[in-house]
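Structure record follows, encoded as structure tokens.
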Amino acid sequence: MKIFLILIDMKTCKIILIQIILLIVSAVGYAQKNTSIKISRSELENKIKGGWAGQTIGVSYGSYTEFRFQGTFIQDYQPIPWHDGYVKELMYSWPDLFDDVYMDLTFVDVLEKYGMDAPVDSFANAFAYAGYNLWHANQAARYNIIHGIKPPLSGNWLHNPHADDIDFQIEADFSGLMNPAMPYSASAVCDKIGHIMNYGDGWYGGVFVGTMYTLSFVSKDINYIVTQALKAIPKQSTFYQCVNDVIKWHKKYPNDWEQTWFEIQKKWSKDIGCPDGVFTSLDIDAKINAAYVVMGLLYGNGDFGKTLEIATRAGQDSDCNPSTAGGILGAMLGYDKIPDYLMNGLHGSETINFKYTDLSLNDVYKISTSHALKMIEKNGGTVGADFVYIPFQTPRAVRYEKSFDGLIPVIKETFNHSNCTEIDFEFEGTGFVLRGDAVKKSWNAPQYVFDATFYIDGVKEENAKLYTDFKLRRCDLFWKYNLPQGKHKVKMVIDNPNQDYDVRTLDYIVYK
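Throughout, the working numbering is defined as the position within the sequence shown, counted from one, plus 8.
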């Protein structure tokens, strides 16, 4: 009888304990859902302005080093130019430098015209038919969209060999600035727009950057911003693992960013997707460039100049990386805390419209603040005359996805042919990418479009348009993944050859 009573008591205690735990968990969850961040409207605008100004300063700071240092960092003895009015000077002499800004502005403009719930096609069409040149994942997506492969397939690695490239990572700043302290909301924006041109690690780059921006409204601790933002990325992804390694190496080598740079190179410099980067020193992969951004932020530790310098000296995409780092730091510190010598470089540029847009920095300061206020209200916050109350969202991981799953590049075979009308090659593996282009033989000739038919193992696989127009070009001539392991034969036939134009092949990459 005593044993029975004891068992009852133990069972009762267990039930009560479980109930208490559930109540605590429920209360914590309720508190997290209902934690409100109070910020003055003037400070909100100050941070948003800081984000846009910091981004613009950063891309200008790293301008002339972009992809000139591949697989090496920029030595201390090499100066990085900066002077008063530098940004204005670049906006007139090299307007295409600001591609990561005007790509952002393309999406900001769509939101302004069609609202915060603008459909994905409005974003896709806006950049696909824009007047600016594009590269890598963006250009592959542009070609896909124009030819009927719509989002999210336009960014999927099966349709876009550049799916893991940096493109959305350098264009996602707006998603965080319009969602202060609201990473779930920013990730939803990234899901919609980021899959237009990227997938997997390429998409995660934008989610991570957008989340860091959202947290810059919550904290002035850069370590907190980086580590908490990483919680938005699935742990099993290589993007998470790469950035997490940088955090660990920063702790191990707290005063030596160059050592951390070497550790990044040893472990994470193997690009398997981008056809331009596989088997070369070029690395436009999102995760390694995100590693350089994080390295700049952590070792810079809130110092604007030091942050930009490290993110730039890391090399590779060394204008976009300081642009990302500068934008996050600008949002964290605020426009009025950007050092004078950097602001002097911005002098005279804030009223100038970025090329291909009708927007200046002064315009986007106001528009982006307006979008943030709308998103705060949309997510249940309150906008008052002097203060706003933002429902703070703690970061949580988005879904897991992986590009080029199981693929290993085994060879890049030189395959130089000009005036192609019919060519073929054989390989053994599970996939390939054939690189090449269509060009005019005379610079003043009108544009031409080749009709190409591609075959694999004697079976027609695809008809494709090969444009000599750079804006409409197909990034890579032909590719196919997930073939059965074994020997395969690829053939390309040009159905409308023209002696005044040329289809050239460069090489092909084989995967197993």
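We put the beta carbon where it would ideally sit given N, CA and C, even for glycine. Predicted model only: the values in this text are computed from it and were never measured.
If you follow the alpha helix (DSSP H) that residue i is in, where does it begin and where does it stop?
i       : result
Glu-74  : Run containing Glu-74: none; DSSP gives neither H nor E here.
Met-303 : 294-308
Lys-374 : 369-386
Lys-256 : 246-260
Phe-182 : 181-185
Tyr-137 : Tyr-137 -> no alpha helix (DSSP H), and no H or E assigned at all.
Cys-328 : 328-341
Glu-266 : 265-276
Any idea which residues DSSP pairs residue i with across the strands?
i       : result
Phe-395 : Ser-48
Lys-468 : Tyr-463
Gly-444 : Thr-513
Asp-173 : Asp-293
Phe-458 : Leu-474
Ile-346 : Ile-346 pairs with nothing; no bridge assigned.
Thr-390 : Tyr-397
Gly-439 : Tyr-519
Measuring only the C-alpha atoms, how far is residue i from residue j?
i       : j       : result
Ser-130 : Gly-437 : 39 Å
Leu-52  : Phe-225 : 8 Å
Asp-284 : Leu-290 : 7 Å
Ser-331 : Gly-70  : 8 Å
Ile-336 : Gln-249 : 21 Å
Ala-339 : Cys-282 : 31 Å
Ala-136 : Ile-292 : 21 Å
Asn-424 : Tyr-140 : 29 Å
Gly-218 : Lys-420 : 35 Å
Lys-259 : Lys-121 : 45 Å
Val-396 : Ser-326 : 36 Å
Val-498 : Glu-470 : 12 Å
Asp-503 : Val-511 : 12 Å
Leu-369 : Asn-329 : 20 Å
Asp-229 : Tyr-456 : 54 Å
Asp-92  : Gly-66  : 14 Å
Leu-491 : Phe-287 : 21 Å
Anyone know if the C-beta pair for residue i and residue j falls short of 9 Å?
i       : j       : result
Pro-160 : Ala-240 : no
Ile-431 : Thr-513 : yes
Gly-439 : Val-518 : yes
Cys-480 : Ala-472 : In the sequence on display, residue 480 carries Leu and not Cys. Not closer than 9 Å, so no.
Val-251 : Thr-268 : no
Gly-163 : Ala-189 : no
Tyr-85  : Gly-353 : no
Asp-344 : Gly-58  : yes
Gly-304 : Thr-320 : yes
Gly-210 : Asp-173 : yes
Ala-148 : Met-205 : yes
Asp-104 : Thr-365 : no
Ala-446 : Tyr-489 : no
Tyr-475 : Phe-458 : yes
Tyr-151 : Arg-443 : no
Phe-106 : Thr-64  : yes
Starting from residue i, follow the beta strand (DSSP E) in both directions and report where the run begins and ends.
i       : result
Tyr-85  : Here Tyr-85 belongs to no beta strand (DSSP E), and DSSP marks it neither H nor E.
Pro-417 : 417-425
Met-500 : 494-502
Lys-488 : 486-488
Compute the minimum distance between the beta carbon of residue i and the heavy atoms of the ligand NAD, and state whether it is under 8 Å.
i       : result
Ile-398 : In terms of ligand content, the structure shown is empty, and the ligand NAD therefore cannot be addressed.
Exercise for review: For the segment 238-257 and the segment 399-417, state whether three or more C-beta atom pairs, one from each stretch, are separated by less than 8 Å.
Suggested key: Taking one beta carbon from each stretch, the segment 238-257 and the segment 399-417 have 3 or more pairs nearer than 8 Å; the two touch.
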